[in-house]
Each structure stands twice: as structure tokens, then as C-alpha cells.
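J.: Under the working numbering, think of the first position of the sequence shown as 682, with each following residue one higher. Using N, Cα and C, we set each Cβ at its ideal position, and we do this for glycine too.
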Amino acid sequence: MNQSVINSSAKQSYTAEEIQAWLVSNISEMLGVEADEIDIREPLDSYGLDSAQGMVITSRAEKLFGFKMSLILLWHYPTIEALSKRLAEELVDSESFEI
682 MNQSVINSSA
692 KQSYTAEEIQ
702 AWLVSNISEM
712 LGVEADEIDI
722 REPLDSYGLD
732 SAQGMVITSR
742 AEKLFGFKMS
752 LILLWHYPTI
762 EALSKRLAEE
772 LVDSESFEI
């Protein structure tokens, strides 16, 4: 698992930009392409990302961010840009409930 971009424990705050970098790193590694070939505004399916790979990404994200992430999010937020913004919002929301 590549977590070189974000090397911290779960439940930490991450910005949308940090999440974008993490997603780009993981997706480029998974697809065997250079990170600079990934456009954060392009739909993930345009890179040939299939549902099995989507499950791997969501599983890695769950471990890193510390909350359950539905695979459906990849379809509701089909770009890295949109998904990272949503995940950053989710992290802020989950932190507001911690004591």
C-alpha cells in the first residue's frame, strides 16, 4: 500500500489537496502510470478504473481516514477533485462528533 503522500494515523484532518495527492499516488500506482498523467478533473472511469480497483481504493481510504467509505462515492463523485473535496468534508464532519 502506498501511503508516501500521507503518512499519519487515522482521524487526522486532511485537506482536499492532500487527499487529491494521496488518490493520485494510489491510482497511478494501481494503473501503472505516472502520477502526472492523472488529471484530477477527468472521470476515474476514463482511466479504466474498474470496480475491483475501486474497492481497493475505498479500502485503503477507510484504513487511512478511519471511517467507512462506500464504493458508491466513486460514482457520485467521479473525479479525484470531487471525491477529495467530499472526503475532506466527511473528515471535518466526523471530527466534529469526537470529544
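1) Assign L752 to one of two classes, buried (16 or more other C-beta atoms within 10 Å of its C-beta) or exposed (fewer than that).
2) Can you tell me the Cα-Cα spacing of R767 and T760, whole angstroms?
3) Contact check, S727 vs A716 under 8 Å by CB: the rounded distance?
4) What residues in its chain sit with their C-beta under 6 Å from that of Q734, if we drop five residues either side in the sequence?
5) To which residues does DSSP link P724 through a beta bridge?
6) Give me the Cα-Cα distance between S706 and K749, rounded to the nearest whole angstrom.
7) Are the CB atoms of S740 and I700 within a distance shorter than 8 Å?
8) Expressed to the nearest angstrom, what Euclidean distance is found between the alpha-carbon atoms of E718 and A702?
T.: Reading it off the structure:
1) With fewer than 16 other Cβ atoms within 10 Å, it is exposed.
2) If I take the Cα positions, the gap works out to 11 Å.
3) About 16 Å separates the two Cβ atoms, so there is no contact after all.
4) Cβ within range, chain order: M711.
5) Its beta-bridge partners are T760.
6) Between the C-alpha atoms of S706 and K749 there is a straight-line separation of about 21 Å.
7) Going by C-beta atoms, I700 is not nearer than 8 Å to S740.
8) Distance between the alpha carbons of E718 and A702 is about 13 Å.
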